[in-house]
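Here's the structure we're looking at; comments come further down.
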Amino acid sequence: MRGEDAVEIVKVSLALAFPTATVEGIARAAETVVRWGAEDAAAYLDEPLTQRMLLDLLQVAGLSENDYTPADPHWPNADLPPANYRTWSRTELMDDGISFLPRPPDEPPPRGPTPRPGPGAAG
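Under our numbering, residue 1339 is the last one in the sequence shown; the count climbs by one each step, no gaps.
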């Protein structure tokens, strides 16, 4: 799928989730979601990280927490605060001091096939 097509699909979804956002805010948030997808940000999403990602998306879209009403009235879980780190890159619109960690500190890296060295690689 082309990147432009992915952004358009995400724009439609975000427009439904964030009906008060501007067209520009939706476009910024959609481009950000696609970039985070390319970074494999979803590999470790749990409820606290999902809450952190939602707050980041609201900020990128130019919205406040009060501008979002979750479909599930019991989400987010009030007993669980948003994660105090993120596993995705920051944008210039995210002006907080929250750390970027490539993975949650208490979880091992994902297991998968061992990458093969490319042409011209030593070893």
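The beta carbon of each residue, even a glycine, is placed where N, CA and C say it ideally should be.
Best match in the options for proximity to residue i [C-alpha to C-alpha]
i: proline 1297; options: Ala1233, Ile1242, Val1276 and Met1269; result: Met1269
i: leucine 1271; options: Tyr1301, Asp1295, Val1226 and Pro1318; result: Tyr1301
i: serine 1280; options: Leu1309, Glu1263 and Pro1318; result: Leu1309
i: asparagine 1282; options: Val1226, Asp1221 and Ala1233; result: Ala1233
Cβ-based burial, residue i [other Cβ within 10 Å; buried from 16]
i: proline 1235; result: exposed
i: tryptophan 1304; result: buried
i: glycine 1339; result: Its pLDDT being 43, under 50, glycine 1339 is placed unreliably in this model, and the coordinates cannot settle the point.
i: threonine 1238; result: exposed
i: arginine 1332; result: In this predicted model, arginine 1332 has a pLDDT of only 46, less than 50, meaning its place in the structure is not dependable; the value taken from the coordinates is given anyway. Result: exposed.
i: threonine 1347; result: This structure does not reach residue 1347, given that the chain is present from 1217 up to 1339, and the question cannot be answered.
i: leucine 1265; result: buried
i: alanine 1254; result: exposed
i: alanine 1299; result: buried
i: valine 1228; result: exposed
Range covered by the alpha helix (DSSP H) that runs through residue i
i: threonine 1307; result: It is not in any alpha helix (DSSP H) - threonine 1307 carries neither H nor E in the DSSP assignment.
i: arginine 1218; result: No alpha helix (DSSP H) contains arginine 1218, which DSSP labels as neither H nor E.
Opposing strand residues paired with residue i [DSSP bridges]
i: tyrosine 1284; result: For tyrosine 1284, which the question treats as bridged, DSSP gives no partner whatsoever.
i: phenylalanine 1316; result: Arg1302
Chain-order list of residues whose beta-carbon lies under 6 Å from that of residue i (same chain, five-residue window excluded)
i: arginine 1251; result: none
i: aspartate 1295; result: none
Cβ-based neighbour list, residue i, same chain, cut-off 8 Å, excluding 5 preceding and 5 following
i: threonine 1330; result: Confidence in threonine 1330 is poor, its pLDDT being 46 and thus under 50, which makes the residue's placement too unreliable to answer from.
i: leucine 1230; result: Ala1237, Ile1242, Ala1245, Ala1246, Val1249, Leu1273 and Ala1277
i: proline 1286; result: Pro1292
i: phenylalanine 1316; result: Tyr1301, Arg1302, Thr1303, Trp1304, Ser1305 and Arg1306
Own chain residues within Cβ distance below 7 Å of residue i, not counting five before or after
i: glutamine 1275; result: Leu1309 and Met1310
i: valine 1223; result: Ala1246, Glu1247 and Val1250
i: threonine 1307; result: Thr1248 and Val1276
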